[in-house]
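Asker: For the sequence shown, this note's numbering assigns the number 14 to the initial residue and increments by one for each residue that follows.
Even glycine gets a Cβ: it sits at the ideal position worked out from N, Cα and C.
All values reported here derive from a predicted model rather than from experimental measurement.
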Amino acid sequence: MKFEDIFTPEREKYILAEMKEKQNNESGYGSDFMRFDEFEVFLPQNRKTLLNNLAAGRYSPHPVLLFERLKSTGKLRVLAKYTNIDIFILKNIADALYDFVSPQFSEACHAYRRDHGTLTAIDRIRYFAEQGCEFLVECDVRNYFDSINHGILIKQLNALIPDRRIVNIIKKYLVAPREYDDRIEKPNKGIVQGSPLSPLLSNIYLSGLDNFCTEKSWQYVRYADNMYFVTNNRADAEVILRTVRDRLRTEYKLQLNYQKSGIYDITKRKMLGYCLKRLPSGEIDCIRQQRQVAKAYPSWQHHAIGKKDDVYYLLEDGILTKRDYTLFFENDTFVSPIPLHTVESLNVFANITFNSRFFENILKCNIPLHFHNKFGDCLGHLVPTQHVARSETMLRQTSIYENLPERRRYALAIEKASLHNMTSVLLYYLYRKHDIRLDTAVARMRAYTKRLSACKTPADMLLIEARARKLYYNTLNFVIGQPGFCFIQRSRRPPEDPINALISFGNTVLYNRCSDLIHKTSLDCRIAFVHASNHRDESLNLDIADIFKPIIVDRVILSLINRQQINANDHFEEIPEGGIYLSKEGKKIFIQEFQYKLNSLISYKGNRISYEYLITLEIRSLLRSIIGKKFSYKPYKGR
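1. Label glutamate 228 either buried or exposed according to how many other C-beta atoms from any shown protein chain fall within 10 Å of its C-beta, with 16 as the threshold for buried.
2. Please report the distance separating the alpha-carbon of glutamate 25 from that of leucine 285.
3. Okay, do the region 184-191 and the region 139-159 touch, 3+ Cβ pairs below 8 Å being the bar?
4. Just to confirm the assignment: which complete beta strand (DSSP E) runs, minimum length 3, are found wholly within the region 124-180?
5. Out of curiosity, what's the CA-to-CA distance linking lysine 15 and leucine 110?
6. Mind checking which residues open and close the alpha helix (DSSP H) that includes leucine 261?
7. Where does the unbroken beta strand (DSSP E) through isoleucine 615 begin, and where does it stop?
8. If you draw a straight line from the C-alpha of isoleucine 182 to the C-alpha of alanine 107, how long is it?
9. Counting C-beta neighbours from all protein chains within 10 Å, is the total for lysine 290 16 or more, i.e. buried, or is it exposed?
10. How about methionine 32 and phenylalanine 101: are their beta carbons less than 8 Å apart?
11. Let me know the secondary structure DSSP gives glycine 519 once reduced to three states.
12. Apply the 10 Å Cβ neighbour rule to glutamine 12 and answer buried if 16 or more other Cβ atoms are within range, or exposed otherwise.
13. Which value, in whole angstroms, describes the spacing of the CA atoms of cysteine 527 and asparagine 620?
14. Who are glycine 599's beta bridge partners in DSSP?
15. Does the Cβ of leucine 292 have 16 or more other Cβ atoms within 10 Å, making it buried, or fewer, making it exposed?
16. What's the call for asparagine 246, buried or exposed, on a 16-neighbour Cβ count within 10 Å?
17. Tell me which residues share the same chain as tyrosine 423 and place their Cβ nearer than 7 Å to its Cβ, disregarding the 5 neighbours each side in the sequence.
18. Using a threshold of 8 Å, state whether the C-beta atoms of asparagine 520 and lysine 483 are closer than that.
19. Can you tell me whether arginine 71 is buried or exposed, with buried defined as 16 or more other CB within 10 angstroms of its CB?
20. Is there contact between the region 257-275 and the region 161-173, where contact requires at least three CB pairs shorter than 8 Å?
21. May I have the straight-line CA-CA distance separating serine 623 from serine 613, to the nearest angstrom?
22. So asparagine 487 is in the alpha helix (DSSP H); what residue range does that whole segment cover?
23. Which word fits alanine 121, buried or exposed, when buried means at least 16 other C-beta atoms lie within 10 angstroms of its C-beta?
24. What does the alpha-carbon distance come out to for the pair leucine 92 and lysine 610?
25. Okay, do the region 415-432 and the region 62-71 touch, 3+ Cβ pairs below 8 Å being the bar?
26. Can you grab the Cα-Cα spacing for the pair glutamine 144 / asparagine 224, in whole Å?
27. With a CB to CB cut of under 6 Å and the five nearest residues on each side skipped, what residues in its chain are close to glutamate 587?
28. How many whole angstroms separate the CB atoms of leucine 261 and valine 114, which I take to be in contact at a CB cut-off of 8 Å?
29. Using DSSP with H/G/I as helix, E/B as strand and the rest coil, what is arginine 526?
30. Contact defined as beta carbons within less than 8 Å: I believe tyrosine 236 pairs with alanine 142. What is the distance between those atoms, to the nearest angstrom?
31. Under DSSP, the beta strand (DSSP E) around isoleucine 204 begins and ends at which residues?
32. What residues in its chain sit with their C-beta under 7 Å from that of phenylalanine 20, if we drop five residues either side in the sequence?
33. Could you check the C-alpha separation between tyrosine 649 and glycine 203 for me, to the nearest Å?
34. Quick check on the DSSP output: the alpha helix (DSSP H) that includes tyrosine 423 runs from which residue to which?
35. Could you say which of Pro471, Ala481 and Ala426 lies nearest to threonine 436 if we only look at CA atoms?
36. Below 8 Å on the Cβ atoms is my guess for threonine 406 versus aspartate 537; work out the distance and round it to an integer in Å.
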């Protein structure tokens, strides 16, 4: 196999058609925001140069954008997004390499192969069981894709592929920078899930193990990193398990997942979604296991994925009551029960009727209630007495608020962090787009940040912040990739365009979450440092939210727009008096993506924590500084 065998006109035509079909079901954007239709124009004009650079080793892959998505099992899965250029290259290599190496694979390998799959794998296991075998040895590799050793894989590819140019290209993609949660890292092991080439590489990596097991005459089936051995002797099963475990560890640098590996009765173990049942006739029947589907309540947007604390958003009109230990939401269409012990807070965005005992019971259960109008503006809160701040903390907060030099120190720290995080968002997109306008905006944002130090009062700082935020929002126009969304000026009550409607709603959702987290401490949410405390019921949540709005709310908004999950025509409503707000469907989409962001993990002081826990740590840090003997507060600054 040679480099010249890969990029043939026939294969390229097929690959482009496949990419076009997929882009019709997705956004069509690569990680560099080049649309597929733009790539179709780019390729004919630059194909010769691109292939020459590839062959000569001058081409370097773009950073891979990693992001999280919720699987149907409820677990988060890290996926990858490439540029359209890299997808085109990888798909051509994968297709050509598959034709070259697939005939050399063992018949025990069933994953990621044409005419093979879960059905052929389970049918082979069923055949072994019908021969009288009763014991199943299952070996599952822990974090297989992320644990593949680059050195071992490159050695295998060198032995398999005569043309070193191809191996060198694959090696570059193995070590290509990976961008995850605002951080860019160069990996030293693992292959990317979501790469067109990764399934084939995963089969190549364990092909030697397939041959070893076949030479041992073991009755063996492998599907990706799931290995199944069937035998009629338990002693043999124990030997197989030990041998495979040791071989994976020493020759492949892989570890077994012992929660999913072991020796089992073949008719009592689910394999690849199937179970085997022995019939009275002696035949073995395959039964597909139905996955239990989580209940979904159409009136509620559940927003605490993977957390024990649950926050609910009520978006439909209806009646909210309490019976026994359960809340019930009812209207003409449905009845939705919500167990009281699962509720952390309620957010109402619709016309709701409450019965007389409802408020008494939610206050007893210490459940905060937040009311909003259709624009997303908060109208008020009902907070249980257990959430009221301690008097000593409140007095200390009041003392700082009334002492201008001391208040200024807290306000300056918060405002610098806020502007820093706005700048970090612009830098994130500058790295991806290399737009001179973004570069200019970053320089101006840094100048505004320096000017904060000269401000004598929090009010002066708010003026600087307002100018910086106007520049920041205007600059985001350069990274928005969908018609219908354009920031002209900030407008509230009501928002005048879709982008302002998204900003207002997103900020309100974050304000409420910060409020709930503050109420879990002894801090008084009414007393802030940047925002004045004499005009609002709550102000401290605004201070905390200002730090995180750019990296949480704004990133969610840009993601929804650029991935075309929200569009200006379908997810917004206008009112006769003038103004635009998110529709119910738009709110549900935003809240879901907002929660994904809150639960996504970032590296912080050597640990992997969620954004929501990061906000909690921020509040605790502020509390320690307030009740301590000296100022020690250092707000979070993203990278």
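Answerer: Considering the structure as presented:
1. exposed
2. 34 Å
3. Counting Cβ pairs under 8 Å, fewer than three are found: no touch.
4. 148-153
5. 10 Å
6. 247-264
7. Taken as a continuous stretch (DSSP letters only), the beta strand (DSSP E) holding isoleucine 615 covers 614-617.
8. Their backbone Cα atoms lie some 12 Å apart in a straight line.
9. exposed
10. At the C-beta level, methionine 32 and phenylalanine 101 come within 8 Å of one another.
11. The DSSP-derived three-state label of glycine 519 is helix.
12. A query on residue 12 cannot be resolved here, the shown segment of the chain reaching from 14 to 652 and no further.
13. 22 Å
14. According to DSSP, glycine 599 bridges with nothing at all.
15. exposed
16. exposed
17. Ile413, Phe542 and Tyr646
18. no
19. exposed
20. The region 257-275 is in contact with the region 161-173.
21. 5 Å
22. 471-489
23. buried
24. 14 Å
25. no
26. 22 Å
27. Ile593
28. The pair is not a contact, with the Cβ atoms about 21 Å apart (cut-off 8 Å).
29. helix
30. Wrong, their Cβ atoms sit about 16 Å apart, outside the cutoff.
31. First-last for isoleucine 204: undefined, no H or E at that position.
32. Only residues of its own chain outside the window of five on either side were considered, and among them Leu64 and Asn105 have a CB closer than 7 Å to the CB of phenylalanine 20, listed in chain order.
33. Roughly 31 Å between the two C-alpha positions.
34. 417-446
35. Ala481
36. 7 Å
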